[in-house]
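*Asks:*
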Amino acid sequence: MSRRRLKCTNVLLVGVGLGLCAVVGARADDYPPQGGSSVARQAEGLVPSRSVSVVRDGDRFRVDIVMHIDVPLATVWEVLVDFSAMPRIVPNLATSSVQKQGDAQHLLLRQSGTARFGPFSKEYDSTREIELVPMQRIRAHAVAGTVKAMDSEMILSNEGANATRLVYHADVEPGFWLPPVVGPASMKSETAEQFSALLREMKRRHASGSASAPNGGNARAASNGGALSDAR
1 MSRRRLKCTN
11 VLLVGVGLGL
21 CAVVGARADD
31 YPPQGGSSVA
41 RQAEGLVPSR
51 SVSVVRDGDR
61 FRVDIVMHID
71 VPLATVWEVL
81 VDFSAMPRIV
91 PNLATSSVQK
101 QGDAQHLLLR
111 QSGTARFGPF
121 SKEYDSTREI
131 ELVPMQRIRA
141 HAVAGTVKAM
151 DSEMILSNEG
161 ANATRLVYHA
171 DVEPGFWLPP
181 VVGPASMKSE
191 TAEQFSALLR
201 EMKRRHASGS
211 ASAPNGGNAR
221 AASNGGALSD
231 AR
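For what it's worth, the numbering used here labels the leading residue of the sequence shown as 1, then goes sequentially.
1) When the Cα of Pro174 is compared with those of Ala207, Arg60 and Lys188, which residue comes out closest?
2) What are the start and end residues of the alpha helix (DSSP H) that includes Ala74?
3) At the level of alpha carbons, what is the spacing between Lys100 and Leu107?
4) In the DSSP output, which residue or residues are listed as bridge partners for Thr164?
5) In whole angstroms, give me the CA-to-CA distance for Val167 and Ser84.
6) With H, G and I counted as helix, E and B as strand and the rest as coil, what does DSSP make of Met202?
7) By the three-class DSSP mapping on this structure, what secondary structure does Ser37 have?
8) What are the partner residues of Ala268, as DSSP defines its beta bridges?
9) Whole angstroms is fine: what's the gap from Gly226's alpha carbon to Val90's?
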């Protein structure tokens with residue numbers, strides 16, 4: 001594939017599904033310039049990009065990060081499964097909806113948004129199967145969209161009464177050529193930015209003593225099968 005056909009990946013933490021969504025079939029000069037969003041600016045610093053590990057293995061990339069936050073596990077979980085609020089929490093996610101819900105633990109989630117490659121951006125679409133183990137684990141498997149293959153897992157654990165450990169792993173196969181240095185660097189930056197936004201929301205809700213989403217929605221409903229309409 002020609003190096004002019006530069007494409008990008010964007011790590012999206014779909015309210016827990018955290019999936020790597022890739023933009024396919026676009027050249028670098030097809031991407032319109034993108035300014036920094038207010039959400040992204042507010043999220044800077046909570047998760048440094050150096051804390052994200054991105055390893056290339058043939059056509060696949062492995063993404064790993066371990067985070068610690070002084071917020072109770074219950075609040076962390078409620079933010080991660082508050083799908084309807086995700087577009088207002090995580091940068092670059094435009095729309096998201098639950099296409100199908102088998103039960104409280106199994107969902108089919110579709111999202112669209114903007115993937116970034118340096119100063120450029122491009123729209124993407126992703127559909128994932130989400131499996132929830134309340135207060136413990138979230139798994140996501142890509143079934144359609146602009147990425148060839150993606151599987152991710154978020155594991156949560158208590159670290160005392162008011163602290164939580166988050167361990168995230170993803171395997172992604174973009175299905176197109178990525179620059180040796182810039183591609184992984186872009187993944188690291190996007191992952192850090194979006195997790196920073198999620199952690200900031202966790203801190204905000206914990207400080208306010210409320211699990212309500214920014215629009216007044218109740219995150220608790222998501223884990224019980226209610227108000228599942230988004231998934232950044």
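Here a beta-carbon is modelled for each residue, glycine too, at the ideal position from N, C-alpha and C.
Note that the structure is predicted; figures quoted are calculated from it, not measured.
*Replies:* Let me spell this out:
1) Stepping through the sequence shown from its first residue, residue 174 is reached at position 174. Among Ala207, Arg60 and Lys188, the Cα nearest to that of Pro174 is on Arg60.
2) If you number the sequence shown from 1, residue 74 lands on position 74. Ala74 -> alpha helix (DSSP H) spans Leu73 to Leu80.
3) By one-based count along the sequence shown, residue 100 stands at place 100. By one-based count along the sequence shown, residue 107 stands at place 107. Roughly 6 angstroms separates the two Cα atoms.
4) For the purposes of this step, residue 164 is taken as the residue at position 164 of the sequence shown. The partner list for Thr164 (beta bridge, DSSP) reads Ile69 and Asn158.
5) Indexing the sequence shown from 1 puts residue 167 at position 167. Indexing the sequence shown from 1 puts residue 84 at position 84. Cα to Cα, Val167 sits roughly 23 angstroms from Ser84.
6) Translated into the one-based positions of the sequence shown, residue 202 becomes position 202. Helix.
7) The count along the sequence shown starts at 1 and reaches residue 37 at position 37. Low per-residue confidence applies at Ser37: pLDDT is 35, beneath 50, and the placement is therefore not dependable enough to give any value.
8) The displayed coordinates of the chain run from 1 to 232. Any statement about residue 268 would go beyond what the structure contains.
9) Numbered from its first residue, the sequence shown carries residue 226 at position 226. Numbered from its first residue, the sequence shown carries residue 90 at position 90. Its pLDDT being 33, under 50, Gly226 is placed unreliably in this model, and the value from its coordinates should be taken loosely. Whole-angstrom Cα-Cα distance: 20 angstroms.
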